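J.: Chains as they are written, first to last, in our numbering: chain A, 99 to 541; chain B, 518 to 752.
1) List the residues of chain A whose Cβ lies closer than 7 Å to the Cβ of residue 721 of chain B, in chain order.
2) Measuring only the C-alpha atoms, how far is residue 266 of chain A from residue 323 of chain A?
3) Can you list, in chain order, the residues of its chain whose CB lies under 6 Å from that of residue 388 of chain A, leaving out five sequence neighbours each side?
4) Short check: CB of residue 439 of chain A to CB of residue 447 of chain A, under 8 Å?
5) How many Å lie between residue 336 of chain A and residue 655 of chain B at the Cα?
6) Tell me whether the stretch 304-314 of chain A and the stretch 481-491 of chain A touch, counting them as touching only if at least three CB pairs, one residue from each stretch, are closer than 8 Å.
7) Taking only three categories from DSSP, how would you classify residue 300 of chain A?
8) Check whether the stretch 260-276 of chain A and the stretch 422-430 of chain A are in contact - that is, three or more C-beta pairs closer than 8 Å.
9) One question on the structure: do residue 520 of chain A and residue 506 of chain A come within less than 8 Å of each other, judged by their Cβ atoms?
10) Measuring straight from C-alpha to C-alpha, what distance separates residue 325 of chain A and residue 338 of chain A?
11) Measure the alpha-carbon distance for residue 751 of chain B versus residue 412 of chain A and round it to whole angstroms.
12) Output yes if chain A places a C-beta closer than 8 Å to the C-beta of residue 621 of chain B; else output no.
13) Which partner residues does residue 507 of chain A have in the DSSP bridge list?
14) Run through the DSSP bridge pairs and tell me what residue 225 of chain A is partnered with.
15) Which partner residues of residue 281 of chain A appear in the DSSP bridge assignment?
16) Could you list the residues in the stretch 215-246 of chain A with a C-beta less than 7 Å from some C-beta on chain B, going in chain order?
17) For a test of the three-state rule: what should DSSP assign to residue 542 of chain A, helix, strand or coil?
18) Under three-state DSSP, which class holds residue 307 of chain A?
19) Rounded to whole angstroms, how far is the Cβ of residue 346 of chain A from the Cβ of residue 402 of chain A, which I believe are closer than 8 Å?
20) Please list the partners that residue 707 of chain B has in chain A, where partner means a Cβ-to-Cβ separation under 7 Å.
21) The beta strand (DSSP E) spanning residue 341 of chain A covers which residue range?
22) Quick one, which of B/637, B/660 and B/649 has its alpha-carbon nearest residue 606 of chain B's?
23) Just to make sure I have the definition right: I need the residues of chain B whose C-beta is within less than 7 Å of the C-beta of residue 335 of chain A. Which are they?
24) Bridge partners of residue 272 of chain A, per DSSP?
25) Give, in chain order, every residue of the stretch 250-276 of chain A whose Cβ lies closer than 8 Å to some Cβ of chain B.
26) Going by the CB atoms, is the gap between residue 278 of chain A and residue 241 of chain A shorter than 8 Å?
27) For residue 362 of chain A, collect the residues of the same chain with a Cβ closer than 8 Å to its Cβ; drop the 5 residues on either side in sequence, then sort them by chain order.
28) Starting from the beta carbon of residue 292 of chain A, find every residue of chain B whose beta carbon is closer than 9 Å, and list them in chain order.
29) Return the chain-ordered ranges of every alpha helix (DSSP H) run that is complete within the stretch 418-478 of chain A and spans a minimum of 4 residues.
30) Do we get a CB-CB distance below 8 Å when we pair residue 698 of chain B with the residues of chain A?
31) Any beta carbon of chain D sitting closer than 8 Å to that of residue 381 of chain A?
32) In its own chain, which residues sit with a C-beta less than 7 Å from the C-beta of residue 490 of chain A, not counting the 5 before and 5 after it?
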């Protein structure tokens with residue numbers, strides 16, 4: 099009703115003015131539209147093309163179709179690119195550049211550890227790995243270990259820890275052997291070479307024998323030869339290595355008599371020599387035996403011989419009877435060091451100290467993942483249980499037997515990303531028990 | 518308010534439990550969503566096998582008049598495509614994927630199997646099985662013929678296929694380097710870690726990764742070449 103009144107009511111002076119403005123505006127808009135139409139692309143004469151233009155386009159399209167459908171006939175630009183590639187390829191090949199390939203991979207993890215007797219803490223680590231295939235036979239592998247080092251008791255000293263974990267060059271000799279040199283993962287038992295990346299290790303921490311204060315070497319500087327040889331339906335693998343060897347700790351009252359495997363210098367011009375032989379009677383099972391001999395005493399100290407032995411087992415099977423994958427892993431390591439007296443004169447304040455320096459330890463781990471059940475959520479879970487043991491002579495610093503039981507649950511988010519939750523029961527006492535949560539990924 | 522040690526520990530546990538529950542719930546919701554899709558009539562939905570036993574209009578073509586011939590072609594394809602690298606059939610093959618010796622007895626329909634072959638992620642986004650979208654309908658049909666011809670007791674219906682011994686593959690048990698490589702991939706690589714989906718790397722990256730694994734594991738030169746052939750054919 100209001101609308102009708104406005105239309106049909108007689109306009110006053112203000113109304114006449116407004117109507118005039120509306121009419122004027124309309125004329126201006128119309129004029130601008132006409133001008134814009136006139137100023138448009140002179141070649142664009144409406145939305146239509148002439149018959150001549152249509153035929154030209156059609157001919158051009160047919161020519162392109164014919165050119166593409168003719169085998170071996172490339173477009174001019176493509177042909178030029180091919181010619182350029184043909185010209186430069188021999189040059190690149192003569193320089194050995196065509197087979198060079200780089201790959202950056204590695205792992206990363208973030209964790210939360212809550213020991214009963216100490217403060218809880220978050221952790222983070224990052225292990226980028228550079229793989230460089232120089233040609234079909236030459237290969238370089240380097241890995242950094244970036245972590246966070248906790249503070250001293252006074253709260254000072256927190257820092258980012260950067261270590262050169264691996265840096266070695268290998269050369270393929272033939273189908274059954276390759277040789278390498280540099281800083282490499284010592285093939286003493288299978289753990290460090292195969293199982294310790296955070297996305298492969300099914301629990302947040304390393305087994306006692308491989309952790310700090312353990313009795314197995316992890317990395318070393320030297321040279322190695324390794325390979326595998328098939329025999330009927332079985333496979334034998336082998337590795338021989340020569341490294342600068344570990345260092346015997348002689349002057350620390352808290353760890354005298356133990357070996358420092360993070361030593362990368364030869365202390366006495368005697369190298370550590372070792373090997374591992376593996377046997378796979380069938381693909382699901384591998385057993386191995388490892389040995390290392392060294393003279394780890396520092397200059398000026400009594401000669402000490404170190405002999406390490408290790409056996410390891412790895413069994414992974416997909417069993418229909420239990421609707422899933424069963425993993426059983428383990429290792430047992432025993433070491434024998436010459437029995438000598440530490441701080442014989444008592445100058446260091448803890449001697450003379452003498453003990454039978456035989457140390458043993460190992461771990462056994464079983465895991466089950468129900469990958470055949472129909473519920474997808476269940477297929478992503480994996481149950482893990484690990485037993486750890488480390489025997490140190492009771493007379494030695496830090497001596498005694500230590501045992502750990504660690505049940506855990508993993509949730510696999512992808513094939514190489516998982517969340518681990520575990521609780522460790524430690525025989526050292528309730529204060530040594532620890533809750534651990536870790537998120538790990540391989541990339 | 519200053520919290521004591523016990524309160525701090527409880528708080529930390531609450532945070533941890535909440536984090537785990539969040540992840541589980543997120544996974545459940547994904548699962549539930551997928552599960553709910555299975556009951557819908559979406560063309561990409563995959564319904565449970567027991568509901569799909571009857572013939573489906575979307576069934577791939579097989580050799581209806583000569584199913585044995587189709588199964589024979591499917592068996593050849595199964596070998597040349599490297600399916601045995603991950604799947605056990607009659608006690609032979611890799612263990613990365615499920616045993617396929619008994620698909621007929623499980624009530625799998627032709628369309629369910631065909632979808633699984635063409636687009637394995639349709640009902641399981643986390644699977645590492647590569648898609649086979651390049652196969653023709655006839656080839657998929659032949660593979661389905663072959664899988665449905667297998668019986669629970671081993672061997673093919675109407676054939677004398679022998680149950681081989683479990684062990685390392687030989688030239689007589691698999692027909693190509695790719696197939697052998699697939700088996701070795703699941704066996705050797707799967708011995709230490711979950712298998713990285715082949716599609717994650719291109720040919721060049723797989724060449725580098727396999728060289729790296731040869732240094733670490735170690736592998737023979739033949740194993741390295743076979744596994745690489747399989748990965749480069751599957752990525």
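Every residue gets a Cβ at the ideal spot worked out from N, C-alpha and C, and that includes glycine.
Note that this is a predicted model, so its numbers are computed, not measured.
T.: Once the coordinates are examined:
1) Near residue 721 of chain B (Cβ distances below 7 Å), the residues of chain A are 199.
2) In a straight line, the C-alpha of residue 266 of chain A is about 12 Å away from that of residue 323 of chain A.
3) If we look at residue 388 of chain A and ignore the five residues flanking it on each side, its Cβ neighbours are 286, 287, 374 and 408.
4) With respect to residue 447 of chain A, residue 439 of chain A sits apart: the two C-beta atoms are not nearer than 8 Å.
5) Cα-Cα distance, rounded: 47 Å.
6) Cβ pair count under 8 Å is three or more, so yes.
7) When DSSP states are grouped into helix, strand and coil, residue 300 of chain A belongs to the coil group.
8) With fewer than three CB-CB distances shorter than 8 Å, the stretch 260-276 of chain A does not count as touching the stretch 422-430 of chain A.
9) Closer than 8 Å, so yes.
10) One C-alpha to the other measures close to 9 Å.
11) Distance between the alpha carbons of residue 751 of chain B and residue 412 of chain A is about 28 Å.
12) No, residue 621 of chain B lies away from the interface with chain A (no Cβ there is under 8 Å from its Cβ).
13) Note: residue 507 of chain A sits in a beta bridge opposite A/481 and A/519.
14) According to DSSP, which records beta bridges pairwise, residue 225 of chain A is partnered with A/205.
15) Secondary-structure assignment with DSSP links residue 281 of chain A through a beta bridge to A/265 and A/319.
16) Going along the stretch 215-246 of chain A in chain order, one finds 218, 229, 231, 237 and 239 with a Cβ nearer than 7 Å to chain B.
17) Because chain A spans 99 through 541 in this model, residue 542 of chain A falls outside it and cannot be assessed.
18) If DSSP states are grouped into helix, strand and coil, residue 307 of chain A belongs with the helices.
19) Contact holds; Cβ gap of about 5 Å.
20) What residue 707 of chain B touches in chain A: 414.
21) Looking at the DSSP string, the run of the beta strand (DSSP E) that includes residue 341 of chain A is 332-341.
22) Nearest Cα to residue 606 of chain B within the set B/637, B/660 and B/649: B/660.
23) The contacting residues are 735.
24) Residue 272 of chain A is bridged by DSSP to A/275.
25) Residues of the stretch 250-276 of chain A whose Cβ lies closer than 8 Å to any Cβ of chain B, in chain order: 268, 270, 272, 273, 274 and 276.
26) Cβ atoms of residue 241 of chain A and residue 278 of chain A: not closer than 8 Å.
27) Cβ neighbours of residue 362 of chain A within its own chain (closer than 8 Å, five residues either side excluded): 281, 318, 319 and 342.
28) Those within 9 Å of residue 292 of chain A in chain B are 708, 709, 710, 733 and 734.
29) Annotation: the stretch 418-478 of chain A contains the following complete segments of the alpha helix (DSSP H) (minimum length 4 residues), in chain order: 474-477.
30) For residue 698 of chain B, the answer is no, since every Cβ of chain A falls outside 8 Å of its Cβ.
31) In the structure shown, chain D cannot be found, because the protein chains are A and B.
32) Correct list, in chain order: 457, 496, 497 and 498.
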